[in-house]
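Data first, discussion second: the structure below is written as structure tokens.
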Amino acid sequence: MNIETNKKKKQIAILGSTGSIGTQALQVIEEHPDLYEAYALTANNRVELLIAQARKFQPEVVVIANEEKYTELKEALSDLPIKVYAGTDAICQIVEAGPIDMVLTAMVGYAGLKPTMNAIRAKKAIALANKETLVVAGELINELAQQYRTPILPVDSEHSAVFQCLAGEVGNPIEKVILTASGGPFRTCTLEQLKYVTKTQALKHPNWEMGAKITIDSASMMNKGFEVIEAKWLFGVQPSQIEVVVHPQSVIHSMVQFEDGAVKAQLGMPDMRLPIQYAFSYPDRISASFDRLDFSKCTNLTFEQPDTKRFRNLALAYEAMYRGGNMPCIVNAANEVVVASFLKDGISFLGMSDVIEKTMEQATFIANPTYDDYVATDAEARRIASGLVGRQSL
């Protein structure tokens with residue numbers, strides 16, 4: 011008999027249910043209907059998919075951030091007893107609902123910060139897939155999590171890997187966290203070739219199926235830079251203790267080196283459902299139908315150093331982490347602006363790093379920011395970056 015059947019189903023709110031992480035989280039829930047239930051689903055714009063998800067998973071609540079889509083959503087679900095809301099404020103409020111046990115923050119970008127803070131204050135366990143939350147306001151989030159004794163469980167494959175490597179290692183000092191990077195689609199490109207790469211090429215990641223924004227971040231290695239900053243806050247390590255190694259096969263998801271020199275690694279297929287499920291089930295491991303690693307086919311694991319001359323975003327992220335304060339918030343805002351522009355063919359691939367670097371130079375630096383400072387910083391950095399993009403010539 012499965013002892014889990016006597017337990018109450020874990021009620022999960024998925025912020026960003028129509029994105030890559032959100033849709034895979036629903037697959038995990040579908041595979042374990044005796045353990046998990048989708049209590050709330052939220053989306054930004056993709057109303058048709060949200061309607062389909064709501065009809066299939068029958069959550070208590072759905073929220074569409076884009077208020078113009080509210081009527082369409084409300085009418086499509088009018089025959090079901092599902093509460094329907096719209097607007098970003100509704101997303102921030104819904105995470106506080108009493109029955110919710112866990113909030114999966116899978117929204118893209120800065121938009122994930124406020125609802126995550128509200129969920130922490132409501133003492134909901136956080137399954138963190140929105141890395142920008144810790145990039146922008148890591149210190150603030152950590153203080154809130156400690157104050158409200160709220161667990162933050164990493165969903166990024168790299169941070170989940172580190173988290174898994176640390177299981178059973180309480181009190182054993184970390185010497186180094188080693189985050190692996192695939193290197194993205196342009197790993198072997200020269201600087202000259204990078205001048206002319208297109209968004210179509212950038213959106214073809216060799217190993218992972220992800221949303222457009224994170225796929226571009228991966229191609230530029232800003233994603234890895236953000237993961238470095240996130241690791242600092244998740245695992246309480248210094249910037250000098252975080253290393254990035256390029257591992258094109260994406261089989262080793264990350265490693266931890268301890269003070270005796272031992273290195274633990276977590277391996278698996280590049281499938282985001284595994285870290286999502288581990289966050290849901292922690293500290294237990296439960297059965298899964300995901301593909302297994304086949305070592306008869308996996309005969310060549312290689313490693314190389316990242317090139318921060320070709321991929322300057324990684325160096326810029328390290329610089330922001332060392333400087334601290336609101337500098338990572340500045341970098342995140344500028345990056346969101348340039349990625350949106352690149353996806354509309356408004357800036358070159360290498361031009362993105364130029365704009366981010368100049369925004370770092372021009373935006374107001376605050377050493378000890380408050381939440382209001384982060385809000386003002388985000389707005390100022392977006393303004394500066396947008397102006398710089400407008401002046402860039404392709």
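The sequence shown maps to residues 11 to 404 in our numbering.
Backbone N, C-alpha and C fix where the C-beta goes; we use that ideal spot for every residue, glycine too.
Between residue i and residue j, which are expected to be in contact by the criterion C-beta below 8 Å, what is the C-beta distance as a whole number of angstroms?
i             : j              : result
alanine 191   : proline 285    : Actually they are not in contact, since the Cβ atoms of alanine 191 and proline 285 sit about 16 Å apart, beyond 8 Å.
tyrosine 384  : asparagine 345 : With a Cβ gap of about 15 Å, tyrosine 384 and asparagine 345 do not count as contacting.
leucine 176   : alanine 135    : With 8 Å as the limit, leucine 176 and alanine 135 do not qualify as a contact, their Cβ atoms being about 18 Å apart.
alanine 137   : alanine 275    : Rounded, the Cβ-Cβ distance is 23 Å, inconsistent with contact.
threonine 126 : isoleucine 151 : 7 Å
valine 71     : tyrosine 49    : 7 Å
serine 228    : glycine 278    : Not really, about 18 Å apart at Cβ, beyond 8 Å.
alanine 97    : glutamate 77   : The sequence given here has glycine at residue 97, not alanine. The pair is a contact, with the Cβ atoms about 5 Å apart (cut-off 8 Å).
Kindly identify the DSSP beta-bridge partner or partners of residue i.
i              : result
serine 264     : Leu189, Gln276
lysine 20      : Tyr46
tyrosine 288   : Answer is none; tyrosine 288 lacks a bridge partner.
alanine 135    : Met112
valine 71      : Ala50, Lys93
glutamate 314  : Val256
proline 164    : Leu138
isoleucine 184 : Phe268
leucine 176    : According to DSSP, leucine 176 bridges with nothing at all.
leucine 36     : Bridge partners of leucine 36: none, in fact.
leucine 25     : Thr52, Thr115
Under 9 Å between the Cβ atoms of residue i and residue j?
i              : j                 : result
glutamine 63   : leucine 90        : no
aspartate 281  : phenylalanine 305 : no
serine 230     : serine 363        : yes
valine 38      : arginine 283      : yes
proline 183    : glutamate 269     : yes
glycine 361    : valine 348        : yes
cysteine 339   : aspartate 388     : yes
methionine 112 : asparagine 140    : no
valine 172     : methionine 265    : yes
glutamine 267  : isoleucine 188    : yes
lysine 186     : glutamine 251     : yes
serine 351     : histidine 263     : no
tyrosine 158   : isoleucine 130    : yes
glutamate 153  : asparagine 128    : no
alanine 222    : leucine 398       : no
leucine 244    : arginine 320      : no
glycine 178    : leucine 114       : no
glutamine 402  : isoleucine 366    : no
Any idea if residue i is buried or exposed, counting beta-carbon neighbours within 10 angstroms, 16 or more meaning buried?
i              : result
aspartate 44   : exposed
glutamine 3    : What is shown of the chain runs 11 to 404, which leaves residue 3 out entirely.
alanine 391    : buried
glycine 400    : exposed
asparagine 378 : exposed
asparagine 54  : buried
valine 180     : exposed
alanine 75     : buried
lysine 79      : buried
methionine 11  : Unreliable positioning characterises methionine 11 in this predicted model, as indicated by a pLDDT of 39, which lies under 50. The coordinate reading is nonetheless provided below. Result: exposed.
leucine 404    : In this prediction, leucine 404 has a pLDDT of 43, which is less than 50 and means its spatial position is unreliable; nothing more can be read from the coordinates.
glutamine 156  : exposed
serine 297     : exposed
isoleucine 394 : buried
glutamate 142  : buried
isoleucine 108 : A small correction: the amino acid at residue 108 is glycine; isoleucine does not occupy that position in the sequence shown. Its Cβ having fewer than 16 others within 10 Å, glycine 108 is exposed.
threonine 57   : Before going further, note that residue 57 is valine rather than threonine in the sequence given. The residue is buried, with at least 16 neighbouring Cβ atoms inside 10 Å.
lysine 17      : exposed
valine 273     : exposed
glutamine 174  : buried
serine 88      : exposed
glycine 246    : exposed
threonine 198  : exposed
threonine 380  : exposed
threonine 52   : buried
leucine 303    : exposed
threonine 309  : exposed
glutamine 203  : exposed
Q) Three or more beta-carbon pairs under 8 Å between the region 137 to 149 and the region 201 to 216, yes or no? A) no
Q.
Taking contact to mean 3 or more Cβ pairs, one atom from each stretch, closer than 8 Å, check whether the region 243 to 259 and the region 299 to 317 are in contact.
A. yes
(Q) Using 8 Å as the cut-off, can you tell me whether the region 232 to 242 makes contact with the region 320 to 333, which would need three or more C-beta pairs spanning the two stretches below that distance? (A) yes
Q.
Between the region 372 to 386 and the region 237 to 250, can you find at least three pairs of beta-carbon atoms closer than 8 Å?
A. no
Q. Within the chosen definition, does the region 24 to 42 reach the region 111 to 123 through at least 3 CB pairs nearer than 8 Å?
A. yes
**Q.** the region 95 to 109 / the region 197 to 211 touching (three or more Cβ pairs under 8 Å)
**A.** no
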